[in-house]
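Working notes for the structure below.
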Amino acid sequence: MGHTSLGVDPFVSQTPSTPYATANSTPFNPPNTLDRIYSTYRHPRRRHSEAQMPRENIGDLSAKKFAELLSGPILDIFVGPEGRQWSLHQNLLTHHSRFFDDSGLVNGTPKRIKDNKLDLKDEDPGAFELLVKWLYQGKIDDVSWMPKDVKWEYAFKCQKLYLLCDTVGLSELKNQAIDQFRRGCHEAGLVPGPDEMKPIYEKTPPSSPFRKLVSKIAARQIMDPGSEKDATSYRECFVQSPDFAVDVINAIKEGSGGSLFDDPTEGNGCRYHEHEDGENCHKTVKFKDMS
Ligand SMILES: [Zn+2]
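For the sequence shown, our numbering begins at -1 and goes up steadily by one.
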């Protein structure tokens, strides 16, 4: 696999630490009723968008409600190129995401569910396993409890889970997946290489936080003085996605504090000439500083 060893200073250290968050727990904006009314007023469509509403964890539902979700029709889902099959409760699926609701026509886009069957052949069966656990139990495994030699594998599976959640519209699980991915990389001391980064830029929109994350990882790898990696390692990714190149360079600028380089229009007049050092040269421009 193309993943590479992480430097001494883990990238996770750049995230705000917990003490900071708790120290500021005195709310600047107390969640009062007026605020809530105002935000509902400002975003009236949100009231009807189930995906936007914070929901109860599935494990905390009443027995009655949970039993309702586990009755009714079954949806057959075929995942991955081999079409690995799961038969899951449609009420439960639509409780989590409207993606699984075949009654409502999604504006313009062709329906993906036909005759209680759904094809997800571009998704990963291993990632789907994690999704199934979350759908029924409201949580996924925590990488911190795993032995070190499987942490990276699990992290990479969480990357695929993230992409799967993008497809089926589960933003809450996306956040858990990216957290597990970061923690897994950190605890394994490994980060994704160019090959593992490619699918992110193929499958996520430009605003995706996962793009931000992997471009920062690539930037850090490139800038690490102790690493043999330079931008050449990511050539294929740059070719495949100019967005990736732009994000990486911007991440370098941001991460390095934007230091100003020496002015390339100043200095030694032979710097850009095509001749050996010390060779006879007929300069065309007179430079003030001949250093
Ligand atoms: Zn010269």
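Note that beta-carbon positions come from the ideal geometry of N, C-alpha and C, so glycine has one too. Only a predicted model underlies this, so the values are computations on that prediction, with no experimental measurement involved.
- The beta carbon of Q178 sits closer than 6 Å to the beta carbons of V141, C156 from its chain, once the five residues preceding and following it are set aside; these are given in chain order.
- Counting other Cβ atoms within 10 Å of its Cβ, Y270 stays below 16 and is therefore classed as exposed.
- Around S95, the same chain offers V166, G167, L168 as residues with beta carbons nearer than 6 Å, after the five sequence neighbours per side are excluded.
- Scanning the stretch 158 to 195 from its first residue to its last, the whole alpha helix (DSSP H) runs of 4-plus residues come out as 169 to 186.
- Straight across, the Cα-Cα distance linking S213 with G70 is about 44 Å.
- Residue side-chain check: G276 keeps its Cβ at 7 Å or more from all non-hydrogen atoms of ligand 1.
- Note on geometry: alpha-carbon atoms of G191 and M221 lie some 15 Å from one another.
- Contact check for N89 against L116 fails: the beta carbons are separated by 8 Å or more.
- By the 16-neighbour rule on beta-carbons within 10 angstroms, H93 is buried.
- The three-state reading of DSSP puts F76 in strand, counting E and B together.
- Taking a contact to require three or more Cβ pairs closer than 8 Å, the stretch 146 to 162 and the stretch 180 to 190 qualify as touching.
- Residue state for L211 is assigned as helix, using DSSP reduced to three classes.
- DSSP, reduced to helix, strand and coil, places H273 outside both helices and strands of the structure shown, so it counts as coil.
- One alpha carbon belongs to D99, the other to Q83, and they sit about 19 Å apart.
- Rounded to whole angstroms, S231 and E194 show a C-alpha spacing of 13 Å.
- One thing to note: Y160 has its Cβ no nearer than 8 Å to the Cβ of I138.
- Bridge partners of H87 according to DSSP: I72.
- Closest in C-alpha terms to L133, from the list F259, P240, S85, comes S85.
- In the three-state scheme derived from DSSP, where H, G and I count as helix and E and B as strand, I138 is classed as coil.
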